[in-house]
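Listed in order, the protein sequences are those of chains U and G.
At position 104 of the first sequence (counting the first as 1) the number is 104 in full-length UniProt numbering, and the numbers step up by one without a gap.
At position 165 of the second sequence (counting the first as 1) the number is 165 in full-length UniProt numbering, and the numbers step up by one without a gap.
A virtual CB, placed ideally from N, CA and C, is assigned to each residue, including glycine.
Since the structure is predicted, the reported quantities are computational estimates derived from the model, not experimental observations.
First the structure, in the form of structure tokens, and then the observations on it.
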Amino acid sequence: MTTDGATPADITSVVVRLKLSLLRNGLRQSGGRRAAYVVSAVVVLLFGALQLLGLIALRGHAHAEAVVVLLVAVLALGWAVMPLFFPGGDETLDPTRLVMLPLRPRPLVRALLAASLVGIGPLFTLLLLTGSVITVAHGGAAYAVAVVGVVLALLVCVALARAVAAANIRLLTSRKGRDLAVLSGLVIAIGAQLVNFGAQRLGSSGLSQLEPAGDVLRWVPPASAIGAVDSASEGSYGVAVLQLALSAGALVALIAVWARHLTKLMTSPDGSTLQSATDQPARDPGTSGGLARLLPAGRTGTVMERSLRYVWRDPKTKAAWVTSLAIGLIVPVFNALQGTGSIYFACFAAGMLGIQMYNQFGQDTSAFWMVATTISSARDAYVELRGRALALLVITLPYATLVTVLTTAMLGDWPRLPEALGLSFALLGAMLATGAWTSARFPYSIPQEGYKNVAPGQTGLAWISIFGGMVSAALLTAPVIAATIWANVAKNGDDWGWLLLPAGAAYGTAITLTGLHLAAPRTASRLPEILTAVSKG
Amino acid sequence: MTSAVSVRGLWKRFGQQVAVAGIDLELPAGKFIGLVGPNGAGKTTTLSMVTGLLRPDHGTVEVVGHDVWRDPVAVKARIGVLPEGLRLFERLSGRELLGYSGRLRGLPGAEVERRATQLLDVLDLAGAQHKLVVDYSTGMRKKIGLAAALLHNPEVLFLDEPFEGVDPVSAQTIRGVLERYTASGATVVFSSHVMELVESLCDWVAVMAAGRIRAQGTLAEVRGQAPTLQRAFLELVGAGGRDAGSDLDWLGGGAR
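Quick look at the structure:
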């Protein structure tokens with residue numbers, strides 16, 4: 001071994017340089033990535049500068065301490081969950097990559113901690129922390145505490161992320177961890193809704209609402225390091241020292257936990273591919289669960305069963321469905337809540353869920369070959385497409401009906417319920433028809449890893465498929481839309497409005513069947529081309 | 001001798017690159033056939049075109065007397081396929097995947113269950129049958145893929161690199177199943193670049209390099225005067241006399 005010359009300082013600089021190289025090489029990979037990085041850096045800096053100004057403007061406000069303490073606590077929470085949802089974001093977060101190097105835990109911890117301080121995230125944190133202490137610091141002693149507080153809080157945030165990552169590294173590098181990462185977009189969307197909701201409440205009832213939370217959080221590290229600054233400003237030096245000590249203690253504890261996990265990771269073998277010595281007991285001996293018994297026999301039921309299982313088990317499919325279900329509900333119901341709604345917004349549910357019929361074979365990925373080897377005629381293709389449409393309807397029909405009834409109930413517009421339902425069903429039918437046809441004509445790959453929903457180079461195809469399909473679907477629904485308008489403007493129109501329910505349902509069914517019949521021969525004759533198109537992910 | 005597979009003038013280009021340059025093949029029925037060649041020789045492209053997963057630019061393919069592209073009904077029911085580099089429906093458990101595959105091919109549910117149970121037992125997958133395929137190891141994936149390809153009892157089985165990345169125990173299991181299958185008169189066509197394996201398994205070999213067939217015939221015919229198939233192969237593809245290089249003179253002999 002000839003590594004005895006490497007001192008801890010060397011390792012720290014090596015790891016920091018490694019982080020910089022990874023960052024640089026990542027940017028060198030593609031212009032798009034570089035642009036994205038520059039844009040996000042500018043946005044983060046702008047945002048950081050704005051909040052710095054905002055916080056400084058808050059200086060002297062009665063509830064300033066509650067605000068900054070809460071902000072820092074939320075920031076720390078962000079650091080804690082970030083490695084769980086963005087495991088690919090920082091390769092130096094995965095210490096198992098360094099496992100082959102002869103490194104001692106202590107210098108390694110120091111080196112990795114230093115490397116963690118490089119990047120946009122720490123810079124943003126530093127800006128926010130600085131703004132926070134400027135807001136609450138009054139007097140020389142408070143500024144002295146502030147310097148210590150900012151450093152402590154920053155280190156606690158970084159150590160928190162490292163400790164969480166090290167403790168969960170097996171999860172993060174496993175299949176379940178990657179599944180979790182695909183769903184992270186949803187978590188952010190829901191989080192944004194909650195923030196929005198909270199901000200609206202604050203806007204209506206003022207910052208004093210934050211005081212109870214602030215009273216607790218000023219004792220919770222790393223927010224306590226910022227709370228210490230406020231205490232020092234008020235002359236309670238004892239309290240300030242105690243709060244700083246709390247944060248320092250937390251930092252020591254986090255580093256200890258992290259170092260222990262790190263040592264364990266570096267010295268124990270990766271067990272993720274080991275088979276368990278005792279195989280799981282053969283549960284579910286009947287093999288086909290309750291679901292299969294309710295479905296029709298033959299190819300139809302087989303296809304439906306697989307499609308429905310994928311809605312639940314495949315993270316990409318699940319994320320797409322949850323998004324569609326959520327938007328399909330939120331748009332009509334929230335609009336109705338705010339009094340700006342119309343019963344026709346309920347068609348959003350049918351429209352959003354109908355989108356799931358698009359690019360059916362792309363959702364299969366290259367596993368489509370298993371389907372392709374069993375389709376030998378247009379009839380097979382028809383049954384395959386019909387099975388997929390039926391699986392979709394199992395969820396969509398009750399859901400669209402429910403959303404329409406709910407919207408109607410909120411608006412109290414019961415006489416219009418039949419025509420809204422009829423319109424929904426007609427639109428759904430048109431979406432299924434165009435979805436089946438574009439699935440056969442314009443298939444594209446959906447990459448299984450990462451956040452992209454279109455493989456590189458197929459964006460044009462995806463646009464044609466989705467937007468062309470949606471415009472066509474809208475045009476195909478035109479007769480029912482025209483009938484609805486007529487029922488609303490004609491003199492005796494209201495008497496005929498109820499007829500739009502059966503008419504819309506019949507029209508939707510007819511147009512779906514027509515679409516499937518047109519798509520089936522195209523699918524059967526283009527199997528190799530479809531397979532090539534969907535195998536790029 | 002009847003042909004299981006008959007290929008005439010098969011061509012495939014990808015842009016500028018010619019992957020398969022007009023090959024002719026007559027593969028006899030009831031044999032264990034190896035398609036060998038270095039990486040990039042066009043083995044996967046050829047097998048994809050023969051099994052109907054890739055459309056050729058020119059040429060015809062007949063499997064047990066039926067044209068693959070004009071009579072897919074007759075062909076698809078008679079062949080089993082295990083492609084390389086394509087996914088399975090990995091969010092199904094092993095047993096669910098077999099059930100799905102069998103019922104798509106129109107087998108009755110009870111029969112599918114019976115055959116699946118036996119295949120899972122023989123291929124040593126019974127303990128993992130309720131695990132999702134996404135959590136399977138490479139060897140387990142190959143075995144579940146093989147089970148899915150055998151489920152409908154095809155006349156001709158096409159396997160692309162069935163032993164690639166498979167541990168010796170799983171490889172022996174796969175081998176046993178395939179030997180039993182060919183003994184009953186069925187045909188196996190598989191691709192590989194491991195010559196020892198091909199030599200010990202196959203009675204008929206086709207050698208491919210740079211998109212062309214360099215030799216085809218019984219193992220003895222292709223081997224000719226060479227002591228091993230490996231030697232014969234290296235000469236056929238023109239890589240016979242290459243040495244590892246004398247530049248690495250520092251390598252070995254203790255650290256300096």
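So for residue i, helix, strand or coil by DSSP?
| i | result |
| --- | --- |
| Val-322 (chain U) | helix |
| Glu-26 (chain G) | strand |
| Ala-35 (chain U) | helix |
| Leu-45 (chain U) | helix |
| Val-241 (chain U) | helix |
| Glu-419 (chain U) | helix |
| Glu-62 (chain G) | strand |
| Gly-286 (chain U) | Annotation note: pLDDT 42 at Gly-286 (chain U) (below 50); position unreliable, no value reported. |
| Lys-491 (chain U) | coil |
| Phe-32 (chain G) | strand |
| Ser-6 (chain G) | strand |
| Leu-159 (chain G) | strand |
| Glu-529 (chain U) | helix |
| Thr-218 (chain G) | strand |
| Asp-67 (chain G) | strand |
| Leu-77 (chain U) | helix |
| Ala-226 (chain G) | coil |
| Pro-281 (chain U) | Residue placement at Pro-281 (chain U) is flagged as unreliable, the pLDDT there being 43, under the threshold of 50; the coordinate-derived value follows with that caveat. In the structure shown, Pro-281 (chain U) sits in coil (DSSP, three-state: anything other than H, G, I, E or B). |
| Met-208 (chain G) | strand |
| Arg-55 (chain G) | coil |
| Arg-87 (chain G) | coil |
| Gly-429 (chain U) | helix |
For my contact list, residue i and residue j are in at a C-beta cut-off of 8 Å; report their separation, rounded to the angstrom.
| i | j | result |
| --- | --- | --- |
| Thr-300 (chain U) | Leu-160 (chain U) | So it is not a contact: roughly 52 Å between Cβ atoms. |
| residue 573 (chain U) | Thr-512 (chain U) | The requested residue 573 (chain U) does not occur in the structure, where chain U is confined to residues 1 to 537. |
| Leu-476 (chain U) | Ala-430 (chain U) | 4 Å |
| Ala-326 (chain U) | Ile-226 (chain U) | In fact, because the Cβ distance is near 35 Å, the residues do not count as touching under 8 Å. |
| Thr-12 (chain U) | Ala-114 (chain U) | 5 Å |
| Val-237 (chain G) | Ala-220 (chain G) | Not quite, the Cβ-Cβ distance comes to about 19 Å (not below 8 Å), so this is no contact. |
| Val-191 (chain G) | Lys-43 (chain G) | Before going further, note that residue 191 (chain G) is Ser rather than Val in the sequence given. The pair is a contact, with the Cβ atoms about 4 Å apart (cut-off 8 Å). |
Please name the residue in the options whose C-alpha comes closest to that of residue i.
| i | options | result |
| --- | --- | --- |
| Pro-315 (chain U) | U:Leu-393, U:Gly-48, U:Gln-448 and U:Ser-439 | U:Gln-448 |
| Ser-233 (chain U) | U:Ala-144, U:Ala-76 and U:Met-410 | U:Ala-144 |
| Gly-30 (chain G) | G:Arg-103, G:Leu-97 and G:Thr-187 | G:Thr-187 |
| Leu-155 (chain U) | U:Ala-228, U:Asp-179 and U:Trp-79 | U:Trp-79 |
| Gly-121 (chain U) | U:Cys-347, U:Val-44 and U:Phe-467 | U:Val-44 |
| Gly-249 (chain U) | U:Thr-267, U:Gly-227 and U:Pro-222 | U:Pro-222 |
| Thr-130 (chain U) | U:Tyr-237, U:Ala-259, U:Val-229 and U:Ile-446 | U:Val-229 |
| Met-100 (chain U) | U:Phe-345, U:Leu-265 and U:Tyr-237 | U:Leu-265 |
| Val-151 (chain U) | U:Leu-308, U:Leu-123 and U:Glu-65 | U:Leu-123 |
| Ala-487 (chain U) | U:Leu-20, U:Ser-439, U:Arg-416 and U:Ala-533 | U:Arg-416 |
| Pro-398 (chain U) | U:Leu-353, U:Pro-502, U:Gly-387 and U:Val-42 | U:Leu-353 |
| Val-405 (chain U) | U:Asn-359, U:Ser-465, U:Val-333 and U:Ser-445 | U:Val-333 |
| Val-156 (chain G) | G:Leu-82, G:Leu-92 and G:Arg-70 | G:Leu-82 |
| Val-112 (chain G) | G:Asp-121, G:Leu-120, G:Leu-123 and G:Leu-98 | G:Leu-98 |
| Val-15 (chain U) | U:Asp-364, U:Val-39, U:Val-371 and U:Val-118 | U:Val-118 |
| Trp-219 (chain U) | U:Ala-213, U:Ser-231 and U:Gln-243 | U:Gln-243 |
| Val-166 (chain G) | G:Glu-84, G:Ala-21, G:Pro-56 and G:Pro-38 | G:Glu-84 |
| Pro-479 (chain U) | U:Thr-302, U:Val-147, U:Phe-425 and U:Ile-446 | U:Phe-425 |
Taking the CB atoms as reference points, tell me whether residue i and residue j lie closer together than 8 Å.
| i | j | result |
| --- | --- | --- |
| Leu-428 (chain U) | Gly-508 (chain U) | yes |
| Arg-520 (chain U) | Ala-420 (chain U) | Note that residue 520 (chain U) corresponds to Ala in the displayed sequence, not to Arg. Cβ distance not < 8 Å, so Ala-520 (chain U) and Ala-420 (chain U) don't count as in contact. |
| Val-64 (chain G) | Arg-78 (chain G) | yes |
| Gly-387 (chain U) | Ala-505 (chain U) | no |
| Gly-139 (chain G) | Ser-170 (chain G) | yes |
| Val-534 (chain U) | Gly-362 (chain U) | yes |
| Ile-330 (chain U) | Thr-408 (chain U) | no |
| Leu-251 (chain U) | Leu-70 (chain U) | no |
I want to verify the contact list: residues of chain C whose CB lies under 7 Å from the CB of residue i, in sequence order.
| i | result |
| --- | --- |
| Thr-302 (chain U) | Protein chains U and G are contained in the structure displayed, whereas chain C is not. |
Flag residue i as yes when its Cβ comes closer than 7 Å to any non-hydrogen atom of the ligand FMN, and as no otherwise.
| i | result |
| --- | --- |
| Ile-144 (chain G) | By its list of ligands, the structure shown contains no ligand whatsoever, and the ligand FMN lies outside what it can speak to. |
(message) Tell me whether the stretch 332-351 of chain U and the stretch 132-146 of chain G touch, counting them as touching only if at least three CB pairs, one residue from each stretch, are closer than 8 Å.
(response) no
(message) Whether or not the stretch 31-50 of chain G and the stretch 114-132 of chain G are in contact is what I'm after, with contact meaning three or more pairs of Cβ atoms, one per stretch, closer than 8 Å; do they touch?
(response) no
(message) Would the stretch 18-34 of chain G count as touching the stretch 203-221 of chain G if we require 3 or more Cβ pairs under 8 Å?
(response) yes
(message) Closer than 8 Å is the cut-off here; do at least three beta carbon pairs connect the stretch 1-17 of chain G with the stretch 453-462 of chain U?
(response) no
(request) Taking 8 Å as the threshold, find out whether the stretch 58-66 of chain U comes into contact with the stretch 132-140 of chain U through three or more Cβ pairs. (result) yes
(message) Under 8 Å, with one C-beta from each stretch per pair, do the stretch 227-237 of chain G and the stretch 193-202 of chain G reach the 3-pair mark?
(response) yes
(message) With three or more C-beta pairs closer than 8 Å as the rule, is the stretch 98-110 of chain G touching the stretch 156-166 of chain G?
(response) no
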